[in-house]
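Encoded as structure tokens, the structure appears first; notes follow it.
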Amino acid sequence: MQNVFLHYIREMDEIASDDYTLVYFNSKVTRANLPSTGWLIHMYRKLPYRYRKNVAHFSIVHPSFSTRFLVYTMYPFLSSKAWKKLHFSDHPDELFLDGLVARGVIEIPKEAEEEQKDTEEYLKATQKAFEQGLMR
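Residues in the sequence shown are numbered consecutively from 1, following the UniProt record's numbering.
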């Protein structure tokens, strides 16, 4: 994870000089591959000030219950300004529809596409079960 952080710093140096949108894909994340809260806070504090200041929007795509819970438990520690930047997206297309990111600017990871497909299949199966009277 440390290498990912250093790569982020190198790649973002030019971009972070102006407002930018940060997108986190939480797709297919499990407890085994999720970084600890302490580590995330530590890394956030290591970010140069302009990296934090110039985040115009922070979008979390496919947030799990535990991710939402973690974010909401941080409420007392974040400013209202920070909360206004936060956006949960249940579908990757919401990034484009809400005007957070222009189409073609980012590549949607295959894990996000797979999770979206799984969700849509589950919803279709559930709807079919309701229509057939198998669920109430």
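Every residue gets a Cβ at the ideal spot worked out from N, C-alpha and C, and that includes glycine.
Is it buried or exposed for Thr-21, if we count other Cβ within 10 angstroms and need 16 for buried?
The sequence position of residue 21 within the sequence shown is 21, counting from 1. So Thr-21 counts as buried.
Cβ atoms of Ser-27 and Glu-120: under 9 Å apart, would you say?
Sequence index remark: in the sequence shown, residue 120 carries index 120 (1-based). Sequence index remark: in the sequence shown, residue 27 carries index 27 (1-based). Not closer than 9 Å, so no.
Relative to the C-alpha of Asp-19, which residue among Arg-10, Gly-104, Lys-53 is closest?
For the purposes of this step, residue 19 is taken as residue 19 along the sequence shown, with counting starting at 1. Answer by Cα proximity: Lys-53.
Using a Cβ-Cβ cutoff of less than 7 Å, which residues in the same chain neighbour Val-23 once the five nearest sequence positions on both sides are dropped?
Locating residue 23 in the sequence shown gives position 23, where the first residue counts as 1. Contacts found: Ser-59, Val-61, Leu-95, Val-101, Ile-106.
Taking the straight line between their C-alpha atoms, what separation do you get for Leu-78 and Thr-126?
Here residue 78 is taken as the residue at index 78 of the sequence shown, counted from 1. Here residue 126 is taken as the residue at index 126 of the sequence shown, counted from 1. Answer to the nearest angstrom: the Cα atoms are 38 Å apart.
What does the alpha-carbon distance come out to for the pair Tyr-75 and Gly-133?
Taking the sequence shown and counting its residues from 1, the one referred to as residue 75 is at position 75. Taking the sequence shown and counting its residues from 1, the one referred to as residue 133 is at position 133. Near 42 Å, if we compare the C-alpha coordinates of Gly-133 and Tyr-75.
Taking the alpha-carbon positions, what's the Ile-41 to Asp-93 distance?
Against the sequence shown, residue 41 aligns to sequence position 41. Against the sequence shown, residue 93 aligns to sequence position 93. Going by the C-alpha atoms only, they are around 29 Å apart.
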